[in-house]
Amino acid sequence: MPGGKDANDGYARVQFVGTTGAGKTTVLRQLIGTDPNKERFPSISAAKTTICDIEVILQEGNFSGVVTFIPRARIRQYIAECVLAAITSSIEGMVERDVIRKFLEHSEQRFRLSYILGNPLLLRESDNAELLDEEDEEVQGEEESLISQEERDDLLAALEKYLAQIAELAKVSHAHLAQAAAELDIELGKASKQDRDILQELVEDQLAEDDHFHSLIDAILDDVELRFSYLNDSELECSRDGWPIKWSFSTSDRDQFIRTINRFSSNYAPNYGRLLTPLVEGIRVAGPFAPEWWETESPRLVLMDGQGIGHIADSSSSLSTSVTRRFKFADAIMLVDNAAQPMQAAPCAVLQSLVASGHESKLVLAFTHFDEVKGDNLIGTAARKDHIVGSFDNAARAIGKSFGRESELSLLRLNPDRIVFLSNVQKRVEAKARFTLFELNRLIDVIMSTITPVGPVQYRPIYDVANLVLAVQKATQEFHDRWRGILGMGSRSGVAPEHWTRIKALTRRLGNFQIDEYDALRPVADLIRLLQTQISQFLNSPLSWSPEIPSDDSEDRQVAIDTIKKEVFDRLHELSRTRVLEEKVSGWVEAYEHRGTGSTRIRARDMVRLYEEAAPIPNEMPGPDANEFLFELRELIAQSVIEGGGELLGWSRTNYESVIES
Ligand SMILES: Nc1nc2c(ncn2[C@@H]2O[C@H](COP(=O)(O)OP(=O)(O)O)[C@@H](O)[C@H]2O)c(=O)[nH]1
Ligand SMILES: [Mg+2]
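Plus 154 on top of the position in the sequence shown (first one is 1) and you've got the working numbering.
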């Protein structure tokens with residue numbers, strides 16, 4: 155399990171969630187006590203920095219680290235998508251600077267080739283200080299630059315070669331395109347959006363057949379693989395094809411440790427061309443870290459940081475399963491939010507997900523950037539706090555409207571104990587910063603309080619799973635509506651259609667890599683969210699209670715229902731992944747492989763069919779599938795109710811327990 159530690163070992167596991175740039179990693183640094191200027195671990199910045207999962211365990215002994223890497227096939231795919239984007243932008247007549255950007259920075263996957271291969275714009279400058287300022291002022295510091303002039307020349311030569319090949323491929327594609335456009339009677343440059351889509355499809359199909367395109371990707375992949383040679387072989391574990399899987403390291407020397415581990419998490423521009431950051435899947439670190447300002451024995455913490463919640467259109471978007479499947483491992487779920495723009499779409503989506511899944515009692519809120527909260531009417535700390543708490547209350551009220559009064563109350567109960575305010579935590583917190591020091595200490599106390607064991611469930615809610623049809627109907631209906639919208643197939647959902655290249659990329663992720671999302675396109679997470687939302691409402695109103703009804707707004711009531719919601723949520727992750735992805739792999743591969751004009755529509759129709767099979771609407775689509783799905787869900791919820799300490803109508807817990815024991 156995440157944390158590498160067992161439950162009940164006195165360690166509090168903290169999962170950091172929040173918008174990209176909110177300050178998650180900054181707060182984590184404060185809790186592990188790494189120096190913001192000298193050590194700078196893990197990396198922070200205004201840009202999207204944390205792209206892998208990072209876990210830090212505060213414990214005695216040596217400093218140790220384990221780094222795992224993204225498999226070769228996925229890296230190759232990222233490279234292919236980057237090269238394709240660069241070629242397309244070149245055909246569209248973008249300036250060189252933009253073509254380079256497309257090549258070196260994947261727009262959706264936060265995969266930055268510039269970190270690994272270098273950035274020609276920086277390398278062409280003999281003195282790159284000026285450009286560095288433009289990149290990110292914070293990536294400068296005391297970190298040493300490892301790259302010699304000779305190496306810089308080599309990097310630049312390789313990059314110029316790749317760019318020349320991209321330009322060459324773009325030229326060939328363009329000629330091909332002009333011919334196709336003439337045949338289709340489309341005037342290049344004046345093409346309508348739909349015509350442009352057709353032309354782009356042609357470019358992709360033509361490149362897929364072009365050996366030069368593939369050998370360019372292979373050359374870049376080889377170049378990328380060479381960067382692993384900076385690692386010490388003895389600590390490296392490789393897969394059969396020689397691609398590194400895992401690297402580990404241990405030392406008692408803190409400086410050496412930080413310097414070494416930073417190679418995997420750094421975004422330090424002077425080392426572009428040598429950084430391994432984009433290849434890293436996860437980093438787990440353990441060691442005698444402790445915050446300077448914490449006076450007693452070092453707190454026992456496991457801190458889990460990861461990619462922020464980017465690209466959320468509105469609070470009804472689904473969070474990635476990589477975030478939600480960790481909820482169950484966490485004792486505290488720390489929502490980090492920027493106090494200067496509090497409670498926007500992403501944090502609200504987090505609140506909704508926590509409430510629906512019964513995890514809201516784990517919530518701790520940390521508002522960073524408190525130093526930036528300003529306004530004519532915001533004089534004094536109390537007014538500034540009130541202003542932020544006000545926006546939290548509004549979010550809680552909005553959730554109350556759709557999830558019920560109990561949910562609203564349980565969120566409101568978090569104030570004031572579970573909300574902290576932090577000023578200037580990106581810097582070292584000096585003794586005179588009494589307010590923030592007080593809040594940080596309070597934060598640790600609050601986190602540690604989350605591992606106090608709760609007593610056994612007092613009250614048992616009783617349900618009748620025969621009443622689920624309506625909930626499942628609503629959820630599946632909404633799921634199909636949403637995806638018809640995304641696929642541009644006409645829908646009432648109001649969801650905007652996505653560009654076909656993104657849909658195609660999604661089918662590739664699902665079919666070839668068994669990854670359940672592409673950017674914010676998340677069918678597996680959507681199905682989980684929609685089912686969980688409906689089922690949580692079903693669970694909010696039990697038929698009756700045993701041995702007696704708890705009072706309406708009592709915490710006991712909430713605890714009992716939440717326990718069952720958590721069970722459901724956990725199981726829905728498996729069910730949704732199995733039905734939408736694992737049982738449909740060949741269907742996704744087929745959907746991806748359609749080529750030629752009109753393939754976009756064929757692909758969309760394929761997907762609608764895959765979704766209908768994965769999550770049929772009960773009673774509306776006659777046939778055994780729909781019922782089988784409903785039965786499976788009933789079974790899942792019945793199990794969750796029992797495991798979560800509830801009861802089913804016409805069923806006795808005493809009998810069940812005696813059967814289990816015998
Ligand atoms: N002024 C101010 N800036 C902060 C504070 N906390 C974080 N930052 C800055 O916010 C930016 C994003 O922080 P980061 O930890 O990388 O965000 P993450 O994406 O949530 O991990 C960085 O530039 C930090 O220096 C704060 O309390 N005050
Ligand atoms: Mg971060």
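Every residue gets a Cβ at the ideal spot worked out from N, C-alpha and C, and that includes glycine.
Values in this document were obtained by computation on a predicted structure and should not be read as measured data.
Check for me: the beta strand (DSSP E) holding residue i runs from which residue to which?
{"i": "Y617", "result": "R614 to Y617"}
{"i": "V518", "result": "L517 to T522"}
{"i": "W699", "result": "S698 to S700"}
{"i": "W401", "result": "P398 to T405"}
{"i": "V574", "result": "I573 to F575"}
Compute every distance between the C-beta of residue i and the non-hydrogen atoms of ligand 2, then say whether any falls below 6 Å.
{"i": "T522", "result": "no"}
Determine which residues share a DSSP beta bridge with residue i and list them.
{"i": "A440", "result": "I211 and S218"}
{"i": "A486", "result": "V168"}
{"i": "I352", "result": "DSSP lists no partner for I352."}
{"i": "C392", "result": "P398"}
{"i": "R266", "result": "E259"}
{"i": "V456", "result": "R167 and I211"}
{"i": "Y746", "result": "Beta-bridge pairing links Y746 to no other residue."}
{"i": "E801", "result": "I616"}
{"i": "V509", "result": "In DSSP, V509 forms no bridge with anything."}
{"i": "D491", "result": "F521"}
{"i": "Y672", "result": "L675"}
Taking 6 Å as the cut-off, is the beta-carbon of residue i closer than that to any non-hydrogen atom of ligand 1?
{"i": "G187", "result": "no"}
{"i": "Q580", "result": "yes"}
{"i": "K178", "result": "yes"}
{"i": "I198", "result": "yes"}
{"i": "L576", "result": "yes"}
{"i": "D525", "result": "yes"}
{"i": "G460", "result": "no"}
{"i": "T431", "result": "no"}
{"i": "G175", "result": "yes"}
Would you kindly report the start and end of the unbroken alpha helix (DSSP H) that includes residue i?
{"i": "M761", "result": "S753 to A768"}
{"i": "N825", "result": "Nothing can be reported for residue 825, as the shown portion of the chain is limited to 155 through 816."}
{"i": "M643", "result": "Careful: M643 lies outside any alpha helix (DSSP H) and carries neither H nor E."}
{"i": "W447", "result": "First-last for W447: undefined, no H or E at that position."}
{"i": "R306", "result": "Q303 to L338"}
{"i": "I533", "result": "Counting along the chain, I533 falls outside any alpha helix (DSSP H), and DSSP gives it neither H nor E."}
{"i": "V713", "result": "E709 to S730"}
{"i": "E560", "result": "R559 to L566"}
{"i": "L429", "result": "L429 -> no alpha helix (DSSP H), and no H or E assigned at all."}
{"i": "F692", "result": "P677 to N694"}
{"i": "V527", "result": "Run containing V527: none; DSSP gives neither H nor E here."}
{"i": "T414", "result": "R408 to S419"}
With a threshold of 6 Å (Cβ to nearest heavy atom), would residue i be considered close to ligand 4?
{"i": "A587", "result": "Looking for ligand 4 in the displayed structure turns up nothing; the ligands present are ligand 1 and ligand 2."}
By Cβ distance, which residues of its chain are closer than 6 Å to residue i, with the 5 residues on each side in sequence left out?
{"i": "G798", "result": "T717, I718 and E721"}
{"i": "S577", "result": "F524, D525 and T590"}
{"i": "N666", "result": "none"}
{"i": "T179", "result": "P196, I198, T204 and D459"}
{"i": "S645", "result": "D635, R638 and G639"}
{"i": "T754", "result": "W654"}
{"i": "D485", "result": "A166, R167, T604 and I605"}
{"i": "V509", "result": "I553, F557 and S561"}
Cutting at 7 Å between CB atoms, please list the residues of its own chain near residue i, excluding the five before and the five after it.
{"i": "N282", "result": "The predicted model places N282 with a pLDDT of 49, which falls under 50 and marks its position as unreliable, so this point remains unresolved."}
{"i": "D357", "result": "A small correction: the amino acid at residue 357 is Val; Asp does not occupy that position in the sequence shown. Taken in chain order, the residues that qualify are T242, I245, S327 and L331."}
{"i": "K539", "result": "F575"}
{"i": "N425", "result": "S299, L300 and I301"}
{"i": "S393", "result": "I399"}
{"i": "D407", "result": "none"}
In its own chain, which residues sit with a C-beta less than 8 Å from the C-beta of residue i, not counting the 5 before and 5 after it?
{"i": "L790", "result": "V722, R725, L726 and L729"}
{"i": "E801", "result": "R614, P615, I616, Y617, S700, V795 and R807"}
{"i": "M761", "result": "W637, L641, I657, T661 and A745"}
{"i": "I374", "result": "I233, V237, L267, L271 and Y316"}
{"i": "K325", "result": "none"}
Answer yes if the stretch 215-230 comes into contact with the stretch 463-474, meaning at least three C-beta pairs across the two stretches below 8 Å, and no otherwise.
no
Whether or not the stretch 440-450 and the stretch 207-222 are in contact is what I'm after, with contact meaning three or more pairs of Cβ atoms, one per stretch, closer than 8 Å; do they touch?
yes
Kindly confirm or deny that the stretch 381-394 and the stretch 417-434 touch, where touching means at least three C-beta pairs closer than 8 Å.
yes
Taking contact to mean at least 3 C-beta pairs separated by less than 8 Å, is the stretch 666-681 in contact with the stretch 585-604?
no
Touching or not, the stretch 618-634 and the stretch 761-771, by the rule of three or more beta carbon pairs under 8 Å?
yes
Taking 8 Å as the cut-off, does the stretch 492-499 touch the stretch 244-261 (at least 3 CB pairs, one atom from each stretch)?
no
How do the stretch 529-538 and the stretch 577-586 stand: do at least 3 beta-carbon pairs fall below 8 Å, yes or no?
no
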